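Take a look at the structure below.
Set out below in structure tokens:
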């Protein structure tokens, strides 16, 4: 009789462990499903934000392109005028070109640093919900 009760207790413990494993499997599936739903909700939120701001973003891009074109034309004209003024003041073309290139590199560095800061701020504002 003791062998049969030991066998019965082992079977009961095995069934209990099987039920616990099934519960753990179910809980794991629930967590995975929750994370998948959260990822889909975040993607939908980002898509909705971009869709809501699409016209403003497009207008900004177009204005930036037009501004970049006008700035380029103005900057090239200014470079020619400054180089001509330096040559007329008695500097050689090489010295005036070197001074202008130094000025341009300093301004390019400043513009890139400013653009990176603005990009970081914009992406943080856009994604701060996440």
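Numbering (the working numbering), first residue to last: 18 to 147. Note that the Cβ used here is the ideal one computed from N, Cα and C, for glycine as well. In this text, all values refer to a predicted model and were calculated from it rather than measured experimentally.
Secondary structure remark: continuous alpha helix (DSSP H) runs of at least 4 residues inside the region 63–111, in chain order: 71–105. Straight-line spacing of the CA atoms in residue 64 and residue 125 works out to 34 Å.
By the Cβ criterion, the region 92–100 is in contact with the region 110–121, since at least three pairs of Cβ atoms, one from each stretch, lie closer than 8 Å. The same chain holds no residue with a CB closer than 7 Å to that of residue 134 once the five nearest residues on each side in sequence are set aside. Residue environment for residue 109: exposed (fewer than 16 other C-beta atoms within 10 angstroms of its C-beta).
Burial is judged here by how many other beta carbons sit within 10 angstroms of a residue's own beta carbon; residue 84 has fewer than 16 and is exposed. Residue 146 is a Cβ neighbour of residue 62, given a cutoff of 8 Å. Annotated three-state conformation of residue 146 is coil, per DSSP. By the C-beta density criterion, residue 51 is exposed, having fewer than 16 other C-beta atoms within 10 angstroms.
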